[in-house]
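Written out below as C-alpha cells is the structure these notes cover.
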Amino acid sequence: MIQKFEFKETSLKGAYEIIPFYATDERGGFVKDYNIDLFKQNGIDHELKEVFYTISKKGVIRATHFQLVKQQAKLVRCISGHVYDVIVDLRPDSPTFGKWQGFDLTGDNQKTLYVPQFFGHGYLVLEDSIVSYKCGEVFYGEGDSGIMYNDPDINIEWPFEKIGGIENLTISEKDTHLMLTLLHISGKGEVVGKYLIVGCGLSGSVIGRELAEDGHDITIWDRRDHIGGNMYDYLDEHGIIVHKYGPHCFHTNNKALYDYMCRYNQWRPFRIFCQAEINGKASPSPFNVQ
10 MIQKFEFKET SLKGAYEIIP FYATDERGGF VKDYNIDLFK QNGIDHELKE VFYTISKKGV
70 IRATHFQLVK QQAKLVRCIS GHVYDVIVDL RPDSPTFGKW QGFDLTGDNQ KTLYVPQFFG
130 HGYLVLEDSI VSYKCGEVFY GEGDSGIMYN DPDINIEWPF EKIGGIENLT ISEKDTHLML
190 TLLHISGKGE VVGKYLIVGC GLSGSVIGRE LAEDGHDITI WDRRDHIGGN MYDYLDEHGI
250 IVHKYGPHCF HTNNKALYDY MCRYNQWRPF RIFCQAEING KASPSPFNVQ
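Its first residue numbered 10, the sequence shown is counted upward by one per residue in our numbering.
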C-alpha cells in the first residue's frame, strides 16, 4: 500500500493539515513527513532549523504557546499516542484573527499540522504521547510566551471529558503564568503587550530593546543611577521608561510587591533579571518568571 502526500489548507489560511507519504509491505512500513521541494510546490516555504520531541502523559496540557520574537513556524506530528492539537490565528488584519481550530493527531493517522508564524499552538494529551516538532526557527527562550489555555476571548473547547474531567489536568507552573486575555496585534504582526523588566544590565537592555523595536510597551526598573554607554539615550528614544528603585525594593521576599505592581499597572512579566544571578553569585529567585 502506498499513500502519497496530501495537503489540505485549514480554515485558518496559511495553516495546513498534511498526510505524509506512507508505504507498507511485508516488512513493515516507511513514513516520509517532510520534503522541502514538495512542500514548496504546495505553497509551504519551510526550511528546518530545529527538530525536537515532547513526551507527555495523559492529561497534560501544553498551551497556548508562541514566541514574541523570532517566531517559529513548525510542523507538528504525533509519533505515538493521541493529542488534541489546537492552533490560534494571531496575525494582524487576518479575517480569522483570534479564531482557533482543533485537530486529532494520533500515531495511527500520522497527520501533520503546519503551523505558520504568528500562530498560537498547544495541545491536550488524550493518551500517553510523543510529539515531534520540525521548526523553521530555533527556540528563543527569552521570547517564549503564550496565552492561557482557558482564555475567555479565544474560548477553546478542550475535550476534557476524554481525560476524565478538568480535575485530571496536568499543567506546568510556567503555563499557569501565561497571559490571561487575547492581546492586541500591531500592524507588523507582533503580539503587543505591556512588559516590565527588572534589571537593565546587558540582558535586560537587549531584551527591552528588541521588544520595543517590535512595538511592545516596555518599562524597565533598575537601581543604578547610570546604565553603561548610550543605552539610556537609546531607551529614551524608543519610548522605554526606566525607573530607579531602592536596592532592597525587589529582594526575593518582596515578590508579592512585584505581583501587585504588575496587576495594578497591567504589566505582563516577560522575564525578570537579577544581576547577581547573571553573575552566578546567587541562586535563582522567584522573579525569574517566564
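Even for Gly, the Cβ is constructed at its ideal location relative to N, Cα and C.
Separation of residue j from residue i, as counted between CA atoms
| i | j | result |
| --- | --- | --- |
| residue 22 | residue 67 | 30 Å |
| residue 183 | residue 31 | 37 Å |
| residue 177 | residue 72 | 16 Å |
| residue 164 | residue 117 | 28 Å |
| residue 113 | residue 221 | 38 Å |
| residue 70 | residue 171 | 13 Å |
| residue 20 | residue 110 | 8 Å |
| residue 64 | residue 181 | 14 Å |
| residue 133 | residue 126 | 21 Å |
| residue 173 | residue 166 | 15 Å |
| residue 91 | residue 115 | 4 Å |
| residue 187 | residue 108 | 18 Å |
| residue 74 | residue 102 | 20 Å |
| residue 76 | residue 131 | 13 Å |
Beta-carbon contacts of residue i that lie in its chain and below 6 Å, excluding the five residues immediately before and after
| i | result |
| --- | --- |
| residue 147 | 58 and 59 |
| residue 40 | 29 and 31 |
| residue 18 | 25 |
| residue 257 | Because residue 257 carries a pLDDT of 40, less than 50, the predicted location of this residue cannot be relied on, and the following value inherits that uncertainty. Contacts found: none. |
| residue 81 | 144 and 146 |
| residue 119 | 29 |
Own chain, CB closer than 7 Å to residue i, minus 5 neighbours either side, in chain order
| i | result |
| --- | --- |
| residue 56 | 45 and 145 |
| residue 54 | none |
| residue 175 | 169 |
| residue 273 | For residue 273, the predicted model reports a pLDDT of 48, less than 50, meaning its position is unreliable and no value from the coordinates is stated. |
| residue 138 | 65, 87, 89, 90, 91 and 92 |
Cβ neighbours of residue i in the same chain (closer than 8 Å, five flanking residues each side left out)
| i | result |
| --- | --- |
| residue 79 | 146, 147, 149 and 152 |
| residue 106 | 98, 99, 100 and 194 |
| residue 47 | 14 |
Span of the alpha helix (DSSP H), counted from its first residue to its last, around residue i
| i | result |
| --- | --- |
| residue 46 | 45–50 |
Range covered by the beta strand (DSSP E) that runs through residue i
| i | result |
| --- | --- |
| residue 84 | 83–98 |
| residue 32 | 30–34 |
| residue 22 | Segment: none, residue 22 is in no beta strand (DSSP E) and carries neither H nor E. |
| residue 137 | 128–144 |
| residue 153 | 153–155 |
| residue 172 | Per DSSP, residue 172 belongs to no beta strand (DSSP E) and is neither H nor E. |
| residue 122 | 121–124 |
| residue 41 | 37–41 |
Given residue i as reference, the closest of the options once Cα atoms are compared
| i | options | result |
| --- | --- | --- |
| residue 37 | 27, 11 and 49 | 11 |
| residue 179 | 136, 119 and 13 | 136 |
| residue 26 | 187, 83 and 174 | 83 |
| residue 155 | 168, 185 and 173 | 185 |
| residue 121 | 75, 96, 187 and 218 | 96 |
| residue 52 | 173, 123 and 187 | 123 |
| residue 43 | 34, 129, 93 and 16 | 16 |
**Request:** For the region 50–69 and the region 140–158, state whether three or more C-beta atom pairs, one from each stretch, are separated by less than 8 Å.
**Result:** yes
**Request:** Would you check if the region 152–161 and the region 82–90 touch, i.e. whether three or more CB-CB distances between them fall below 8 Å?
**Result:** no
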